[in-house]
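Asks: Residue numbers (the working numbering): 1 to 439. We put the beta carbon where it would ideally sit given N, CA and C, even for glycine. Every value quoted in this text rests on a predicted model; they were computed, and no experiment measured them.
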Ligand SMILES: [Zn+2]
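Structure (structure tokens):
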């Protein structure tokens, strides 16, 4: 009897153990399936990342994070140093272009910022994902990406690229500061042997086929001496232009130009002093046609600030007009030791189109009127629109010492075109770099 009871108990215990096991196992299986389902769902959710495709509209931080990784991966695949060199260096070592390449390099350095890669760490994931199971799975998914697997090498690749950019930047800055060469039709003309070698070293280092030549006589600096004094021709100095935009240089640009002249030791002189220009190392003449009000309000303060001499050519019949200087403004400028006043006729007509009487009326009357207003002799005239012929010159000679044309060029003090002085226009669109190369 006792045995029977024991046996029965044993059976019951075993049965309950077995069923318990079975129930537990069943529970375990269910739990596992549940987990697998979550993982599968999670994977499906981040399938874009596994397939290395940017998610168009990321909805949570993990998606944003994975998108970043894909973007950085794409960037790294784009790195191509040889292409960068070839595209930017071969024909762009002219001084103004170097500035542009330097800008491209700066943009490139920002784009491949190495610190971006340090933000893509595994540590960040638990902070931005929600549930426990998500975290493990997400980290596993994160690690599965080739870019993350090779993060160290990818970082090195980027570092190498940035280092090369940095070296190039230094080399280009050195070239940029060297004013002893210039580029013309694929040839780099150098003023000295040192610059020739500098450019040749550069072209070897960056594997370029540059045509570098030493040719002193053709460099701009030498040419300048031969060609004489530059006479710059301005009209307005105004940001919000009216009429022909190209005739209105922006105020800040004008200031940069004047500052450049001062810093580079040019000596601005009056037109009346042109015969004595050779006394100076780097003489230059600054002229303004038409007598616009903005020359008084915008240019004159800058001329005073930098102590620069300038010449203004006034249309005597248009003084006090809307956009023109009024009498007192003109008188104020005329009394300044920095300003020389000249005539630009009475009504700004193209002189070569007029009869001789009309020409005489324009040149003579404007002289009288301007002398009256300024109290000073008016010995120089600028032909309106640059229009003149032999009749104009003959009549002008009776009243004036010099006349300015708009023919492009410089004036040699020993051999002046006294009644048709050449000038160089400065336009609104003239950049500072272009300005430096004008004369
Ligand atoms: Zn004019």
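Beta-carbon within less than 7 Å of residue 223's beta-carbon, same chain only, minus the 5 sequence neighbours each way: which residues are those?
Replies: As a working note, residue 223 is residue 223 in the chain shown. Only weak support exists for where residue 223 lies, its pLDDT of 46 falling under 50; the coordinates are left without a value.
Asks: Can you check DSSP and say which residues form a bridge with residue 81?
Replies: The sequence position of residue 81 within the chain shown is 81, counting from 1. None; residue 81 has no bridge partner.
Asks: Across the region 201–210 and the region 119–138, are there enough close Cβ pairs to call them in contact, namely three or more that are closer than 8 Å?
Replies: At 8 Å Cβ cutoff, the stretches do not touch.
Asks: How long is the line joining the alpha carbons of residue 357 and residue 192, rounded to whole angstroms?
Replies: In the chain shown, counting from the first residue as 1, residue 357 sits at position 357. In the chain shown, counting from the first residue as 1, residue 192 sits at position 192. Answer to the nearest angstrom: the Cα atoms are 57 Å apart.
Asks: Please say whether residue 309 and residue 270 have beta carbons closer to each other than 8 Å?
Replies: Translated into the one-based positions of the chain shown, residue 270 becomes position 270. Translated into the one-based positions of the chain shown, residue 309 becomes position 309. Yes. Within cutoff.
Asks: What number of angstroms, rounded off, separates the C-alpha of residue 226 from the C-alpha of residue 280?
Replies: Mapped onto the chain shown, residue 226 falls at position 226. Mapped onto the chain shown, residue 280 falls at position 280. Residue confidence is low: residue 226 scores 49 on pLDDT, short of 50, so the model does not pin down where it sits. Its coordinate-derived value is still stated next. Roughly 14 Å between the two C-alpha positions.
Asks: For ligand 1, I want to know if residue 289 counts as a neighbour, meaning its beta carbon is within less than 7 Å of at least one of the ligand's heavy atoms.
Replies: Sequence index remark: in the chain shown, residue 289 carries index 289 (1-based). Yes, since a heavy atom of ligand 1 falls inside the 7 Å radius drawn around the Cβ of residue 289.
Asks: Could you check whether residue 274 and residue 311 sit closer than 8 Å to each other, using their CB atoms as the reference points?
Replies: Numbered from 1 along the chain shown, position 311 holds the residue referred to as residue 311. Numbered from 1 along the chain shown, position 274 holds the residue referred to as residue 274. Going by C-beta atoms, residue 311 is not nearer than 8 Å to residue 274.
Asks: Which of the three DSSP states is assigned to residue 53 in this structure?
Replies: Taking the first residue of the chain shown as position 1, residue 53 is located at position 53. Three-state DSSP puts residue 53 in coil, outside helix and strand.
Asks: Identify every run of the beta strand (DSSP E) within the region 358–391, keeping only runs that are complete inside it and at least 3 residues long; order them along the chain.
Replies: Listed in chain order, the complete beta strand (DSSP E) runs (minimum 3 residues) inside the region 358–391 are 380–382.
Asks: Using alpha carbons as the reference points, say which of 343, 240 and 427 lies closest to residue 399.
Replies: In the chain shown, the residue the question calls residue 399 occupies position 399. With distances taken between Cα atoms, residue 399 lies closest to 343.
Asks: Please classify residue 248: does DSSP put it in a helix, a strand, or coil?
Replies: As a first step, residue 248 is located in the chain shown; it is residue number 248 there, counting from the start. DSSP places residue 248 in strand when its eight states are reduced to three.
Asks: Which same chain residues, not among the five before or five after residue 427, have their C-beta less than 8 Å away from its C-beta?
Replies: In the chain shown, counting from the first residue as 1, residue 427 sits at position 427. Closer than 8 Å at Cβ, skipping near neighbours: 246, 247 and 249.
Asks: By DSSP, does residue 296 sit in helix, in strand, or in coil?
Replies: Indexing the chain shown from 1 puts residue 296 at position 296. In the structure shown, residue 296 sits in a helix (DSSP, three-state: H, G or I).
Asks: Hey, would you say residue 346 sits closer than 8 Å to residue 375, going by beta carbons?
Replies: Against the chain shown, residue 346 aligns to sequence position 346. Against the chain shown, residue 375 aligns to sequence position 375. No. Outside cutoff.
Asks: Please report the distance separating the alpha-carbon of residue 19 from that of residue 28.
Replies: The residue given as residue 19 occupies position 19 in the chain shown. The residue given as residue 28 occupies position 28 in the chain shown. Approximately 14 Å, taken between the alpha carbons.
Asks: Ignore the nearest five residues each way along the sequence and tell me which others in residue 259's own chain have a CB closer than 8 Å to its CB.
Replies: As a working note, residue 259 is residue 259 in the chain shown. Within the same chain, residue 259 has close Cβ partners 306.
Asks: Quick one: using the 10 Å Cβ neighbour count with 16 as the cut-off for buried, is residue 159 buried or exposed?
Replies: In the chain shown, residue 159 corresponds to position 159, counting from 1. By the 10 Å Cβ count, residue 159 comes out exposed.
Asks: Please report the distance separating the alpha-carbon of residue 325 from that of residue 341.
Replies: Residue mapping note: residue 325 aligns to position 325 of the chain shown, counting from 1. Residue mapping note: residue 341 aligns to position 341 of the chain shown, counting from 1. Those two C-alpha atoms are separated by around 13 Å.
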